[in-house]
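Asks: Pasting a structure below so you can have a look.
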Amino acid sequence: MKYKNKEKVRLQKYMAQCGVASRRHSEELIRAGKVMVNGKTVTQMGVLVSDEDEIRVDGVLIKREEKKVYIMLNKPSGYVTTVSDPRGRRTVLDLIDGVDERIYPVGRLDYDTTGLLLLTNDGDFAYESTHPGKMVAKTYLAEVKGRPSDDKLDMLRYGVDIGGFITSPADVEVIKNKEKSTILKIIIHEGRNRQVKRMCETIGHEVVKLKRTAIGNLTLGKLKTGQWRYLTPREVNLALGRAK
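Rendered as structure tokens:
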């Protein structure tokens, strides 16, 4: 008989530990009325549960995963960063095969954004690597239209208003000047929706191509576009900025 953990945790955290989704997306599922605890639909935050409770998401019984899985994917363009898509578009999970555990993406990359994406069933890892307060660095290569002036690049370095939110200072470096565009290396410590694109739009230079190359101290290395692999324990710490 499997041991049941009687320790009570918040419902959204329990769902993340079960590999359903990240804590934030789990909260969305709860608010949408898709979660039942012991036969009753729950729509409010703050409910505490344990392994002794019966929890269903969209009618499916969930339980905590015993084996933690951490995957690195080099995401190609043309895939949505979700477990499923109501519009029938391809999701990043379509690129992952041979994994029995229920995994989900850590954070999001836009449909046309490429590069480093992590997937896991470890809710604590997902929370720590995406929460703005944890200040985990994300590194991007952004090709923008035109040639931003030094003053505009300094705006990104000091923080810009992207619509009711002032970004934290970013590290910005010009990698290459092309005829009609510029490739920038941008390091941010937040993860707001479309943040890099919105930052560049704010200074008047639209992003035409965007690739994430690193999370924390973890880089893509030689992983080819569309391929994935498991992370080593050291790489899990690299992704959280705990190792170099």
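Using the working numbering, read the sequence shown as starting at 2 and increasing by one per residue. Note that CB positions come from ideal geometry on N, CA and C, so glycine has one too.
For a test of the three-state rule: what should DSSP assign to Thr83, helix, strand or coil?
Replies: DSSP places Thr83 in coil when its eight states are reduced to three.
Asks: Cutting at 6 Å between CB atoms, please list the residues of its own chain near Thr140, excluding the five before and the five after it.
Replies: The answer, listed in chain order, is Ile188, Thr214, Ala215.
Asks: So, is Ile167 buried or exposed, given that buried needs 16 or more other C-beta atoms within 10 angstroms?
Replies: Exposed.
Asks: In chain order, what residues of the same chain lie with their CB nearer than 6 Å to the CB of Lys3, ignoring the 5 residues before and after it?
Replies: Low per-residue confidence applies at Lys3: pLDDT is 46, beneath 50, and the placement is therefore not dependable enough to give any value.
Asks: From the DSSP output, which residues share a beta bridge with Thr315?
Replies: Nothing in the structure corresponds to residue 315, since the chain is present only between 2 and 245.
Asks: Leaving aside the five residues before and after Asp123 along the sequence, list all residues of the same chain whose C-beta is less than 6 Å from its C-beta, in chain order.
Replies: Taken in chain order, the residues that qualify are Lys69.
Asks: Comparing alpha-carbon positions, which option in Gly205, Asp172, Val81 lies nearest Gly116?
Replies: The shortest Cα separation from Gly116 among Gly205, Asp172, Val81 belongs to Val81.
Asks: Count the other CB atoms within 10 Å of the CB of Met46; is the residue buried (16 or more) or exposed (fewer)?
Replies: So Met46 ends up on the exposed side.
Asks: By the three-class DSSP mapping on this structure, what secondary structure does Glu129 have?
Replies: DSSP places Glu129 in helix when its eight states are reduced to three.
Asks: Any idea what DSSP makes of Ser182, helix, strand or coil?
Replies: The answer is strand: DSSP assigns Ser182 an E or B state.
Asks: Pairing CB atoms from the stretch 144–160 with CB atoms from the stretch 185–204, are three or more of them under 8 Å?
Replies: With a cut-off of 8 Å, the stretch 185–204 and the stretch 144–160 count as touching, because enough Cβ pairs lie within range.
Asks: Keeping to the same chain, check which residues put their C-beta closer than 6 Å to that of Met16; ignore five residues upstream and five downstream.
Replies: Correct list, in chain order: Ser27.
Asks: Would you report the Cα separation of Ser169 and Asn238, rounded to the nearest angstrom?
Replies: If I take the Cα positions, the gap works out to 23 Å.
Asks: Spatial neighbours of Ile72 within its chain, please: C-beta separation below 8 Å, excluding the five flanking residues on both sides.
Replies: Only Ile97, Val100, Ile104, Leu119, Leu120, Thr121, Trp229, Arg230, Tyr231, Leu232 meet the Cβ criterion.
Asks: Can we say the stretch 74–91 touches the stretch 37–56, given the rule of at least three CB pairs closer than 8 Å?
Replies: The stretch 74–91 is not in contact with the stretch 37–56.
Asks: CA-CA distance, Thr44 and Asn178?
Replies: The alpha-carbon atoms of Thr44 and Asn178 are separated by roughly 51 Å.
Asks: For Glu207, which three-state DSSP category applies?
Replies: Residue state, collapsed to three classes: coil.
Asks: Run through DSSP, which three-state label would Arg243 get?
Replies: Note: Arg243 maps to coil in three-state DSSP.
Asks: Which residues does DSSP list as the beta-bridge partners of Arg213?
Replies: In the DSSP output, where bridge partners are listed per residue, Arg213 has Gly116, Tyr141.
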